[in-house]
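For what it's worth, the numbering used here labels the leading residue of the sequence shown as 875, then goes sequentially.
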Amino acid sequence: VLASGRRNVKGRMEFHDVLAGRYTIVAIHDFAPSLPWNFYQATQATAHGLVMRAFQRYMARMARKLQPLFESEQEASRGKRE
875 VLASGRRNVK
885 GRMEFHDVLA
895 GRYTIVAIHD
905 FAPSLPWNFY
915 QATQATAHGL
925 VMRAFQRYMA
935 RMARKLQPLF
945 ESEQEASRGK
955 RE
């Protein structure tokens, strides 16, 4: 909806797992907003920043919550190798 259809290039989103899957990098390529840049920057870009910070806090909470599960799984896999 907010992407410009003026160019023939289609935007795309890529996900890459790094550091043995501990982190995921997300990249958006070839996105051109359909709104004038100043308006987009003042509204959508600001809203995007707020949403991404909230998502970062959520992911940090989930990581803290799930960390004991990953640690016990790692200990179990170490026990199988020994």
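All C-beta atoms in this analysis are idealised placements derived from N, C-alpha and C, irrespective of residue type, glycine included. The structure displayed is predicted, hence computed values, not measured ones.
- When DSSP reads this structure, T898 sits in a beta bridge with D891.
- Here the alpha carbons of I899 and R886 stand approximately 14 Å from one another.
- For H903, DSSP records a beta bridge to R886.
- Listed in chain order, the non-local C-beta contacts of D891 below 6 Å within the same chain comprise T898, local neighbours out to five positions each way being set aside.
- CA-to-CA, the gap between K884 and S908 works out to about 13 Å.
- Between T920 and Q930, the alpha-carbon positions lie close to 15 Å from each other.
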